[in-house]
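Asks: The structure that follows is given in the form of structure tokens.
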Amino acid sequence: MLSHNLSFSVIIVTLLISCSANQNETEYTVLKGATVFDGNGGEPIKNSEVLIRNDRIDCIGEAGDCSIPMGTEVIDASGKFITPGLIDAHMHFFQTGFFDSRPDAMDLNDTYPFPEIAAYQEQNPERYYDTYLCSGITGVYDVGGMSWSVALQEQAEENSRAPHVAAAGPLLTPVPGAPFDLPSDRVLVQLDSEETGVKMVQYMSALGSTGVKFWMLRADDEDYMDRVKAAANEIEKHDNQMIVHATSLDQAKAAVESGAKLLVHSVSDQLIDDEFVEMMKEKGTIYNPTLIVGAGYTVAYRAAADIAPIPINDPNGCVDQRTRELITSAAQFKDHPRLSDQFKERLQNFDPETDMTTDIMLQNLKTLYEAGVPIVVGTDAGNPGTLHGISIYDEMEMMQQAGISPKDLIVMATKNGAMTMNRQNDFGTLERDKLADLILLESDPSEDITNMRSLSHVMIKGEMMEVIKVQRY
Ligand SMILES: [Zn+2]
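Count along the sequence shown from 1, then add 8; that gives the number in the working numbering.
Laid out in structure tokens, this is it:
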């Protein structure tokens, strides 16, 4: 029963390290006794010592390897497991997890005017910051949204209670972006000329965007691909990076050929071929499979049609109240014209146990994994049915089901995420002088990636927080 929420208390409390009265004072903390996976994929360090100096790692090794200064706060972490903080390399701050932020998929403007939703999302990213930290996620990459999302990068960096943020801003696309257009901001910019693309790249790069994303290509349209090429050249000139949403093999090949650093979805129309694997390997293109976001839409439509609610598997109480209310009131739209009888019948036939992804996506991921192509974890959170924060567990579990070892998944969810955000020098692995972003787990994530759910503490920028298990009524 979700109607009476008796305990909505604080999700995360600052527990072990209090703010220093004197900012110039150097504070040392050491975590002792845990098994550490440093994010590089090698053997774990057992009975470890992780010495933290203010917000950075000062020393990491086995017991006795670090010289511990007098006055260091000692935290006994024996029996626990430490990994770098998780990174969700594909999410969207402008999206809520339901259709109010996707009027193109189901128009709820009468109930939730999109301009108001967009403004709320711009002004209230903190609830998602909490949700992400509470889920063990210390870095997120917003790979497409309104131009304000780029400003979150700096804002979050200066906020000691926020994950690191990278953001791309508006997307270049062959289609008109009307459903998302506001008089003052946009999500989609139609790439109608070379000039449009070049100006867009100049503007977004000057704003400091991390990447410029193309929402679909038209591989067989020479004119369109000339515009893509012009924008891609400009991206290179500005030392920015190209991101492409490409779900068919021919689009994905065109993307890699055009210099994409990151493909943000699986190839899902057919099994990939050797040519594609070789291209990916040669260029070092990063592959983000987003295995479950597609089915998330179906799950959300089913909730709207009053067939089944969107499941919220959230033992740590990470999902914010506004999102909970939005999700649990989905069935108010059961008579929406989008939900025709024919569509409802298809929704009825969906089985959430077996239909959350496709065999083609799983097989393509396995092929690229075995070929050694860099793979990154990203959920596409914010899309209907894919909730911020907690969706990372479902996504990682599905990647494991594709045949990826949990040990390699740790790297994909940490180091590779930082590399994708272009922040590999700052975080993503636990090494001397990197930021102290890490998580403590009760169970071994290298045995089964499901154990990422056994999160007990999160350290962000050197500050430790305890994740409280919330009892809900
Ligand atoms: Zn996306």
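Ideal placement from N, C-alpha and C gives every residue a C-beta, glycine not left out.
1. Buried or exposed: which applies to Asp-281, given that a residue is buried once 16 or more other Cβ atoms fall within 10 Å of its Cβ?
2. Would you mind sorting Lys-469 into buried or exposed? The rule is 16 or more other CB atoms within 10 Å of its CB.
3. Please determine whether the Cβ atom of Asp-388 lies at a distance below 7 Å from any heavy atom of ligand 1.
4. So, is Leu-449 buried or exposed, given that buried needs 16 or more other C-beta atoms within 10 angstroms?
5. Can you list the beta strand (DSSP E) stretches of 3 or more residues lying completely in the segment 167-202, in chain order?
6. Following a CB-centred definition, is His-172 positioned closer than 7 Å to any heavy atom of ligand 1?
7. Quick check on this structure: which residue in Thr-458, Phe-351, Val-209 has the alpha carbon closest to the alpha carbon of Asn-248?
8. Just to confirm before moving on: does the CB-CB distance between Thr-255 and Ser-276 stay below 8 Å?
9. From Thr-331 to Ile-320, what distance separates their C-alpha atoms?
10. Per the contact definition of three or more C-beta pairs closer than 8 Å, is the segment 379-399 in contact with the segment 295-314?
11. Cβ of Trp-223 within 8 Å of Cβ of Asp-193?
12. Which residue spans inside the segment 400-448 form an unbroken alpha helix (DSSP H) run of at least 4?
13. Would you grab the beta carbon distance between Lys-199 and Gly-205 for me? Rounded to a whole angstrom, and I think it's under 8 Å.
14. Give me, in chain order, the residues of the same chain whose beta-carbon lies closer than 8 Å to that of Ile-90; leave out the 5 immediate sequence neighbours on both sides.
15. Short of 6 Å in beta carbon distance, which residues of its chain neighbour Ala-164, apart from the five on each side in sequence? Order them along the chain.
16. Using DSSP bridges, identify the partner residues of Ala-268.
17. Mind checking Ala-29: buried by the 16 CB within 10 Å criterion, or exposed?
18. Per DSSP, which residues does Tyr-149 bridge with? Please list them.
19. From this set, Lys-88, Tyr-36, Arg-110, Met-250, which residue's C-alpha is nearest Met-78's C-alpha?
20. Going along the chain, which residues of its own chain have a beta-carbon closer than 7 Å to the beta-carbon of Gln-371, five neighbours each way excluded?
21. So Thr-365 and Ala-303 are supposed to be a Cβ contact under 8 Å. How far apart are they, rounded?
22. Going by Cα to Cα distance, which pick from Asp-66, Ile-65, Glu-70 is closest to Pro-52?
23. Between the Cα of Glu-378 and the Cα atoms of Ala-240, Ile-60, His-100, Gly-411, which residue gives the shortest distance?
24. Taking Asn-324 as the reference, which of Tyr-309, Phe-358, Thr-104, Gly-397 has the closest Cα?
25. Within a Cβ cutoff of 7 Å, which residues of the same chain sit near Tyr-120, ignoring the five residues on either side of it in sequence?
26. Kindly list the residues whose CB is nearer than 8 Å to the CB of Leu-160, restricted to its own chain and excluding five residues on each side of it in sequence; keep chain order.
27. Using 8 Å as the threshold, is the segment 423-433 in touch with the segment 455-470, meaning 3 or more CB pairs across them?
28. What number of angstroms, rounded off, separates the C-alpha of Met-473 from the C-alpha of Met-404?
29. Using the Cβ count rule (16 or more neighbours within 10 Å means buried), how would you classify Leu-190?
30. By Cβ distance, which residues of its chain are closer than 7 Å to Leu-443, with the 5 residues on each side in sequence left out?
31. Considering only residues of the same chain and omitting the five flanking positions on each side of Thr-375, which have a CB-CB separation below 7 Å?
32. Between which two residues does the beta strand (DSSP E) holding Thr-365 run?
33. Measure from the alpha carbon of Tyr-128 to the alpha carbon of each residue in Asp-118, Thr-104, Asp-115, Asp-112, then state which is nearest.
34. Between which residues of its own chain and Glu-265 is the CB-CB distance below 8 Å, once the five residues before and five after are set aside?
35. Where does Thr-181 land, buried or exposed, given buried means 16+ other C-beta within 10 angstroms?
Replies: This is what the structure holds:
1. exposed
2. buried
3. Remark: the shortest separation between the CB of Asp-388 and any heavy atom of ligand 1 falls under 7 Å.
4. buried
5. 172-175, 179-181, 196-198
6. Outside the cutoff, so no.
7. Val-209
8. yes
9. Going by the C-alpha atoms only, they are around 10 Å apart.
10. yes
11. no
12. 414-420, 423-428
13. The amino acid occupying residue 199 in the given sequence is Leu; Lys does not appear at that position. That pair is a contact at about 5 Å.
14. Leu-39, Ala-42, Thr-43, Val-44, Phe-45, Ser-56, Val-58, Leu-438, Leu-446, Ile-447, Leu-448, Leu-449
15. Ala-170, Val-173
16. DSSP lists no partner for Ala-268.
17. Because the pLDDT of Ala-29 is 43, which lies under 50, any placement of that residue in the model is unreliable, and the number read from its coordinates should be weighed accordingly. By the neighbour-count rule (16 or more Cβ atoms within 10 Å), Ala-29 is not buried but exposed.
18. According to DSSP, Tyr-149 bridges with Ala-174.
19. Tyr-36
20. If we look at Gln-371 and ignore the five residues flanking it on each side, its Cβ neighbours are Leu-279.
21. 6 Å
22. Glu-70
23. Gly-411
24. Cα-wise, what sits closest to Asn-324 is Gly-397.
25. Asp-108
26. Phe-101, Pro-133, Asp-150, Val-173, Ala-175
27. no
28. 23 Å
29. exposed
30. Asp-63, Arg-64, Asp-434, Phe-435, Lys-469
31. Ile-280, Val-285
32. First-last for Thr-365: undefined, no H or E at that position.
33. Thr-104
34. Met-287
35. buried
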